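Residue numbers (the working numbering): 4 to 122. Everything below concerns the one structure shown next.
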């Protein structure tokens, strides 16, 4: 399994498209076996979901995300979890231990800037 976490430094980003980087976790038998940080290649409508699909990502975690990106991930059978913040390692481990749930945080406008995860 491959998990992509939208991050600012080592923390989950408030908004998927505006993250600084993606931390990519390789998971086997519910354990993280490796991780790699890759820079966000740019925020263009529809680009990032396709970029992550090409990396064979199975799950994306972010504080908040626009409905368009969620729809593209759903079409590609990539799970999306939104509404969770904190250290990316902790968030992934919470997912692997069954404690991480999506609160459905969807960003419909960009007026709220840094509060996407709370919607």
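By construction, the Cβ of each residue, glycine as well, lies at the ideal position given by its N, Cα and C atoms. Computed from a prediction, not measured in an experiment: that's the story for all the values here.
Three or more beta-carbon pairs drawn from the stretch 17 to 29 and the stretch 40 to 59 are found closer than 8 Å, and the two stretches are therefore classed as touching.
Looking at 92, 100 and 107, the one whose alpha-carbon comes closest to that of residue 39 is 92.
Annotation: the stretch 65 to 117 contains the following complete segments of the beta strand (DSSP E) (minimum length 3 residues), in chain order: 82 to 85. Linking residue 76 to residue 34 through their CA atoms gives a straight-line distance of about 24 Å. Rounded to the nearest whole angstrom, the C-alpha separation of residue 106 and residue 59 is 24 Å.
The distance from the Cβ of residue 6 to that of residue 73 is about 16 Å, inconsistent with a contact at the 8 Å cut-off. The continuous stretches of alpha helix (DSSP H) do not include residue 44, and DSSP gives it neither H nor E. In this model, residue 57 and residue 104 are separated by some 25 Å (Cα to Cα). Where residue 19 is concerned, there is no enclosing alpha helix (DSSP H), because DSSP gives it neither an H nor an E. Per DSSP, residue 56 lies in no beta strand (DSSP E) segment; the continuous alpha helix (DSSP H) that holds it begins and ends at 50 to 57.
Here the alpha carbons of residue 13 and residue 100 stand approximately 20 Å from one another. Going by beta carbons, residue 25 and residue 36 fall outside the 8 Å limit.
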